[in-house]
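Have a look at the structure below before the remarks.
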Amino acid sequence: MLAAIGVDSMEGLLVDIPESLRIPRLELPNGLSEFETMAQIASLAARNRAYADRLTFRGGGVYRRFIPAAVAAVTSKPEFYTAYTPYQPEASQGTLQAIYEFQTLIAELTALDVANASLYDGATAVAEAAMMAHVHTGRNEVLVAGYLHPEYVEVLRGFGEGRGIKVKKGFEPTAKTAAVVFQQPDFLGLLVDAPDLTRRAHDVGALAIACVDPISLAILAPPGQYGADIAVGEGQQLGLSPSYGGPHVGFVACRKDLVRRLPGRLIGTSHDAEGRRGFVLTLTAREQHIRREKATSNICTNHSLCALAASVYMTYMGAEGMRHIAEVSFKRAHALADRLARLPGWELAFPDRQFLNEFPIRVPKAAVVNRKLARKGILGGLDVHRWFRELNGVLTFTCTEVNDPDALDELVEAVSR
Amino acid sequence: MTEPLSFEKSRPNAYAPRLPDADVTAPAAEELLPRELLRSRPPTLPRLSEPEVMRHYSKLASMNYSISEQFYPLGSCTMKYNPVANEVAAALPGFSALHPYQEEESVQGALELMWRLEQALCAVVGVDRVTLQPAAGAHGEWTALRMIQAFHRSRGEARTEVLVPDSAHGTNPASAALSGFQVVEVASAPNGRISLADLESKLSSKVAALMLTNPNTLGLFERDILDIAELVHNTGAMLYYDGANLNAFMGVCRPGDMGFDAVHMNLHKTFTTPHGGGGPGAGPVGVKADLVPFLPTPTVERMNGHLKLDFKRPQSIGRVRSFYGNFGMLVRAYTYIVAMGGDGLTQASLDAVLSANYLRKRVEGLLDMPHEGPCMHEFVASARNLAPDGIKALDVAKGLLERDFYAPTIYFPLVVPEAIMVEPTETESKPTLDAFAAAIADIVREAKEEPENLHRAPHGLAVGRLDEVATARRINAYLQGQSEDPILRWKPDRN
Numbered sequence: 001m002l003a004a005i006g007v008d009s010m011e012g013l014l015v016d017i018p019e020s021l022r023i024p025r026l027e028l029p030n031g032l033s034e035f036e037t038m039a040q041i042a043s044l045a046a047r048n049r050a051y052a053d054r055l056t057f058r059g060g061g062v063y064r065r066f067i068p069a070a071v072a073a074v075t076s077k078p079e080f081y082t083a084y085t086p087y088q089p090e091a092s093q094g095t096l097q098a099i100y101e102f103q104t105l106i107a108e109l110t111a112l113d114v115a116n117a118s119l120y121d122g123a124t125a126v127a128e129a130a131m132m133a134h135v136h137t138g139r140n141e142v143l144v145a146g147y148l149h150p151e152y153v154e155v156l157r158g159f160g161e162g163r164g165i166k167v168k169k170g171f172e173p174t175a176k177t178a179a180v181v182f183q184q185p186d187f188l189g190l191l192v193d194a195p196d197l198t199r200r201a202h203d204v205g206a207l208a209i210a211c212v213d214p215i216s217l218a219i220l221a222p223p224g225q226y227g228a229d230i231a232v233g234e235g236q237q238l239g240l241s242p243s244y245g246g247p248h249v250g251f252v253a254c255r256k257d258l259v260r261r262l263p264g265r266l267i268g269t270s271h272d273a274e275g276r277r278g279f280v281l282t283l284t285a286r287e288q289h290i291r292r293e294k295a296t297s298n299i300c301t302n303h304s305l306c307a308l309a310a311s312v313y314m315t316y317m318g319a320e321g322m323r324h325i326a327e328v329s330f331k332r333a334h335a336l337a338d339r340l341a342r343l344p345g346w347e348l349a350f351p352d353r354q355f356l357n358e359f360p361i362r363v364p365k366a367a368v369v370n371r372k373l374a375r376k377g378i379l380g381g382l383d384v385h386r387w388f389r390e391l392n393g394v395l396t397f398t399c400t401e402v403n404d405p406d407a408l409d410e411l412v413e414a415v416s417r
Numbered sequence: 418m419t420e421p422l423s424f425e426k427s428r429p430n431a432y433a434p435r436l437p438d439a440d441v442t443a444p445a446a447e448e449l450l451p452r453e454l455l456r457s458r459p460p461t462l463p464r465l466s467e468p469e470v471m472r473h474y475s476k477l478a479s480m481n482y483s484i485s486e487q488f489y490p491l492g493s494c495t496m497k498y499n500p501v502a503n504e505v506a507a508a509l510p511g512f513s514a515l516h517p518y519q520e521e522e523s524v525q526g527a528l529e530l531m532w533r534l535e536q537a538l539c540a541v542v543g544v545d546r547v548t549l550q551p552a553a554g555a556h557g558e559w560t561a562l563r564m565i566q567a568f569h570r571s572r573g574e575a576r577t578e579v580l581v582p583d584s585a586h587g588t589n590p591a592s593a594a595l596s597g598f599q600v601v602e603v604a605s606a607p608n609g610r611i612s613l614a615d616l617e618s619k620l621s622s623k624v625a626a627l628m629l630t631n632p633n634t635l636g637l638f639e640r641d642i643l644d645i646a647e648l649v650h651n652t653g654a655m656l657y658y659d660g661a662n663l664n665a666f667m668g669v670c671r672p673g674d675m676g677f678d679a680v681h682m683n684l685h686k687t688f689t690t691p692h693g694g695g696g697p698g699a700g701p702v703g704v705k706a707d708l709v710p711f712l713p714t715p716t717v718e719r720m721n722g723h724l725k726l727d728f729k730r731p732q733s734i735g736r737v738r739s740f741y742g743n744f745g746m747l748v749r750a751y752t753y754i755v756a757m758g759g760d761g762l763t764q765a766s767l768d769a770v771l772s773a774n775y776l777r778k779r780v781e782g783l784l785d786m787p788h789e790g791p792c793m794h795e796f797v798a799s800a801r802n803l804a805p806d807g808i809k810a811l812d813v814a815k816g817l818l819e820r821d822f823y824a825p826t827i828y829f830p831l832v833v834p835e836a837i838m839v840e841p842t843e844t845e846s847k848p849t850l851d852a853f854a855a856a857i858a859d860i861v862r863e864a865k866e867e868p869e870n871l872h873r874a875p876h877g878l879a880v881g882r883l884d885e886v887a888t889a890r891r892i893n894a895y896l897q898g899q900s901e902d903p904i905l906r907w908k909p910d911r912n
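Here the protein sequences line up with chains E and H, keeping their order.
Quick note on the numbering used here: the first sequence kicks off at 1 and runs consecutively.
Quick note on the numbering used here: the second sequence kicks off at 418 and runs consecutively.
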């Protein structure tokens, strides 16, 4: 090959690199065989404690749920996972159609007009939605109402700083407010009065951004039903493993008149000369590779494969299946809350508030409780005091369809001793 | 050969998955929650049995080209083979089942992996620290610019401009704008490198950073990189490295030594994590000492053999996403690095450069080569020599699809008319490269003999060339209220 190129050695191809920049070697150990590599990786994995699904009661944005085997069977197809962003539509119809179906599934679930092809995660989805509201209204403040996931708030602040957007907390939007952002159920698992918050936003000409749990929408009013303008959220629960926090998938859906402000990829239907239906990336004039510094966002690579997993999940479960597990989760969480609240020294942190399948409860000694549980192989509640000073001694517990009644017994038993 | 939508295949009485009952005594949601908070009408999701679901997605999979089946010479995207072992590693329950809020002592293996990956990336690019948090390259760019912004602000300087070459990836100006900077373009010289004269004229005390990729998007090494770095640093600005093209020189040279202060890397390009049809990727950012205080929180620190997440970093720009990054992708990249080692990564880069130069030579007489070689890991050709036959870069791309190759990146970089940007990577063998060159030769022949046929390419795929203009027009009609069909989604018939 060198001869065909017309050089004597590799050096002949590296002539443009100044001599002073050349390094003698890359300071890393030499390579290993596959089985040596895997032994090393497996020994790292073995140094972690993987809690059983049924004994995991910790949520806070990442949840254990039943993942149908069909999900991994589809996402591990090399035709899906080793393809690039579908720039050549004729050779990428599989990815394009799957994402078009994802857009439809999210739009249906949120009861909004249009959803995009996915974002990185729930946190960046909130931030991107706030940008949409900022550009749409020309206003520079975003009001966070209630317990929005603290990491989402932090990411929102960071995004906002670049664009000169101030993030405030409270329930009273003003004429300067671009959007009211709320989470339903909130970070603690409590239900907020989403219709009221939406009305408050609209009363001052601001947009309402609802950050929602996609499984909850099988039961709860979707953002479109109460008139929210943008819905965003984290899709991890739709068939993705916890994986120490990622990769998961963010989603964003909006009303028709905001479509041009959407970040990231959008896929639409098209047709070829013979009239066959096909799918293409569209409205690309919003995007960085066309608009450069005037783009609605800098996002390029998004989380397509995770969106595919979510699509397989929703298609497999169907509306009935999702509703069923949402109801099971609701009942089990309520049964657990009821039993825990009877323990001496334990009390629901917000007894007057409704919740879905995650709830905050005040306990005598949070760290002691979780240590006791860990000894029994149980991943206990999330200590939210770390983020909220007023929630000293409060743990949030979550239940889903994977926490069977025996697991609930084991949890109650372990903390009762 | 098209496949109906899952929604169109839906059957109301398809066999539904069997799911457990609650088996506890508790009220139902409708009994406890006010009606205003409940869903009034169920969403219209498809209903299919498991075999129908599997067949649906198998059909869709068969309509994709992918690196596992085709040569995928997509310039700037580094489509190399994704080792299967990476997938096995990430699926180990010791990684995939970890909750991000587990106690530190229960995730020491995960933190160790992140710490070792950081060390390895530092060694490859020549920086002091790396954040693994950004989810993609563009996210990494933005993260780096925010750190550079914080650095200047900490010194009481309000620098408002970021310089970007005219050949840069579109994400560069977009990330700069999103960080609140004004974007100033720097021209390329006729030899395809950045124009030093133009750079000098644009540099001032207002400039926060110059964003550069090296080799640049033409596949050419910026020979004057040390002079560029000096010019930039002399004005107090920083030099930012877009790591899209890092595959060109691992083990040969390092951006850190060239004078770059911040470097993003695409684990889904250089370090073989799969691209997934458009993500998830991972875009770690490496920085020199000056920028270390501004790294996103948390960082992974080693203290007395124990690993911990450090949230107490007063000058940090804060987190840029939830949790600690796309951890599953970090596992894959680390697995690749362990398997390859320093020697293997170096060889990979050398092979990538060899492949690109060989293919460049093979294609030279067939398409225009606007710039002198040698190139690094990719080259940019131009289809303008086919213009007399009415053939464009797009036609060449479609002709390649018809010949069972994915297409190169086309119409980028913007500075080359009818650009065809080819990155073969170290994955491809000589026979594959020869076959690709033969396909280009055949397309050039077709361009002369049957240009009309080439205009209609590709034949024989799931669909032919799609009318993207019509799609945009129909969306406009929908957005303007002249049509009920949103085009961007399927819509149930709700009569």
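Glycine included, C-beta positions come from ideal geometry on N, C-alpha and C.
### Selection from H:636, H:520 and H:730 that minimises the alpha carbon distance to residue 709 (chain H)
Minimum Cα distance to residue 709 (chain H) is reached at H:730.
### Task
Taking only beta-carbon positions, decide if residue 15 (chain E) is within less than 9 Å of chain H.
Taking 9 Å as the CB threshold, residue 15 (chain E) lines the interface with chain H.
### Task
Leaving out five residues on either side along the sequence, give the residues of the same chain with a beta carbon under 7 Å from the beta carbon of residue 198 (chain E).
208, 226, 227 and 228.
### Task
Quick one: list the residues of chain E neighbouring residue 496 (chain H), beta-carbon separation under 7 Å, in chain order.
Going along chain E in sequence order, the residues near residue 496 (chain H) (Cβ under 7 Å) are 84.
### Task
Figure out for me which residue from H:557, H:583, H:747 and H:566 has the closest Cα to the Cα of residue 575 (chain H).
For residue 575 (chain H), the closest alpha carbon among the candidates H:557, H:583, H:747 and H:566 is that of H:566.
### Task
Whole angstroms is fine: what's the gap from residue 112 (chain E)'s alpha carbon to residue 906 (chain H)'s?
The C-alpha of residue 112 (chain E) lies about 11 Å from the C-alpha of residue 906 (chain H).
### Message
When you compare the stretch 68 to 79 of chain E with the stretch 389 to 397 of chain E, are there three or more beta-carbon pairs, one atom per stretch, that lie closer than 8 Å?
### Response
With a cut-off of 8 Å on Cβ pairs, the stretch 68 to 79 of chain E is not in contact with the stretch 389 to 397 of chain E, counting fewer than three such pairs.
### Query
Since residue 682 (chain H) is in the beta strand (DSSP E), which residue starts that stretch and which ends it?
First-last of the beta strand (DSSP E) with residue 682 (chain H): 679 to 682.
### Task
Express the C-alpha separation of residue 663 (chain H) and residue 555 (chain H) in angstroms, rounding to a whole number.
C-alpha separation (whole angstroms): 15 Å.
### Message
Beta-carbon within less than 7 Å of residue 719 (chain H)'s beta-carbon, same chain only, minus the 5 sequence neighbours each way: which residues are those?
### Response
For residue 719 (chain H), where only same-chain residues beyond five positions count, the Cβ hits under 7 Å are 532.
### Query
Fully enclosed by the stretch 128 to 165 of chain E, which alpha helix (DSSP H) runs are 4 residues long or longer?
Runs of the alpha helix (DSSP H) spanning 4 or more residues and lying entirely within the stretch 128 to 165 of chain E occur at 150 to 163, in chain order.
### Query
Residues bridged to residue 231 (chain E) by DSSP?
Paired residues: E:210 and E:253.
### Task
Output yes if chain H places a C-beta closer than 9 Å to the C-beta of residue 144 (chain E); else output no.
Not one chain H Cβ lies under 9 Å of residue 144 (chain E).
### Query
Three or more beta-carbon pairs under 8 Å between the stretch 676 to 696 of chain H and the stretch 578 to 597 of chain H, yes or no?
No, they do not touch.
### residue 786 (chain H) (DSSP reduced to helix, strand or coil)
Here residue 786 (chain H) sits in coil by DSSP.
### Message
Whole angstroms are fine: how far does the CA of residue 768 (chain H) sit from the CA of residue 814 (chain H)?
### Response
If you draw a straight line from the Cα of residue 814 (chain H) to the Cα of residue 768 (chain H), it comes to about 25 Å.
### Query
From residue 465 (chain H) to residue 425 (chain H), what does the alpha carbon distance come to, in whole angstroms?
Taken atom to atom, the span from the alpha-carbon of residue 465 (chain H) to that of residue 425 (chain H) is near 10 Å.
### Query
How is residue 81 (chain E) classed by DSSP in three states: helix, strand or coil?
Helix, per DSSP.
### First and last residue of the uninterrupted beta strand (DSSP E) at residue 810 (chain H)
Unbroken run through residue 810 (chain H) is the alpha helix (DSSP H), 810 to 819; no beta strand (DSSP E).
### Message
If you reduce the DSSP assignment to three classes, tell me which class residue 377 (chain E) lands in.
### Response
Coil at residue 377 (chain E), not helix or strand.
### Message
With distance defined between alpha-carbon atoms, name the residue in H:608, H:493 and H:529 nearest to residue 587 (chain H).
### Response
Scanning H:608, H:493 and H:529 for the CA closest to the CA of residue 587 (chain H) turns up H:493.
### Task
Quick one: residues in its chain with C-beta nearer than 6 Å to the C-beta of residue 912 (chain H), no 5 flanking neighbours on either side, listed in chain order?
Interpretation of residue 912 (chain H) is limited by its pLDDT of 46, a score under 50 that renders its predicted location unreliable; the figure taken from the coordinates is listed afterwards. Apart from the 5 residues on each side of it in sequence, residue 912 (chain H) has no Cβ closer than 6 Å to any other Cβ in its chain.
### Message
Going by the DSSP bridge assignment, what does residue 836 (chain H) pair with across the sheet?
### Response
DSSP output for residue 836 (chain H) lists H:799 as bridge partner(s).
### Distance between residue 871 (chain H) and residue 490 (chain H) (C-alpha atoms, nearest Å)
When rounded, the distance between both Cα atoms is 20 Å.
### residue 300 (chain E) to residue 910 (chain H) span [Cα, whole Å]
Taking the Cα positions, residue 300 (chain E) is about 33 Å away from residue 910 (chain H).
### Message
Counting only beta-carbon separations shorter than 9 Å, does residue 745 (chain H) have a partner in chain E?
### Response
For residue 745 (chain H), the answer is yes, since a Cβ of chain E falls inside 9 Å of its Cβ.
### Message
Which of the three DSSP states is assigned to residue 599 (chain H) in this structure?
### Response
Strand, per DSSP.
### Local Cβ density within 10 Å of residue 12 (chain E), reported as buried at 16 or more and exposed below that
Taking all protein chains in view, the Cβ of residue 12 (chain E) is surrounded by fewer than 16 other Cβ atoms within 10 Å, so the residue is classified as exposed.
### Query
Using the beta-carbon of each residue, which ones in chain E are nearer than 7 Å to residue 824 (chain H)?
Think of a sphere of 7 Å around the beta carbon of residue 824 (chain H): the chain E residues whose beta carbon falls inside it are 88, in chain order.
### Message
Against chain H, does residue 171 (chain E) count as a neighbour if the rule is that its beta carbon must be under 9 Å from one of theirs?
### Response
At a cut-off of 9 Å between C-beta atoms, residue 171 (chain E) does not count as an interface residue with respect to chain H.
### Query
Touch check for the stretch 128 to 147 of chain E and the stretch 291 to 299 of chain E: three-plus C-beta pairs under 8 Å?
Contact between the stretch 128 to 147 of chain E and the stretch 291 to 299 of chain E is present, because at least three Cβ pairs lie under 8 Å.
### Task
Please classify residue 847 (chain H): is it buried, with 16 or more other beta-carbons within 10 angstroms of its beta-carbon, or exposed?
Exposed, since its Cβ has fewer than 16 Cβ neighbours within 10 Å.
### Message
Could you compute how far the alpha carbon of residue 363 (chain E) sits from the alpha carbon of residue 188 (chain E)?
### Response
Answer to the nearest angstrom: the Cα atoms are 15 Å apart.
### Query
Along the chain, where does the alpha helix (DSSP H) that runs through residue 565 (chain H) open and close?
For residue 565 (chain H), the enclosing alpha helix (DSSP H) begins and ends at 554 to 571.
### Message
Is the separation between the beta-carbon of residue 319 (chain E) and that of residue 216 (chain E) shorter than 9 Å?
### Response
Against a cut-off of 9 Å, the Cβ pair of residue 216 (chain E) and residue 319 (chain E) comes out as no contact.
### Task
Step through the CB atoms of chain H and report whether any lies within less than 9 Å of the CB of residue 342 (chain E).
Taking Cβ atoms only, chain H never reaches closer than 9 Å to residue 342 (chain E), which makes this a no.
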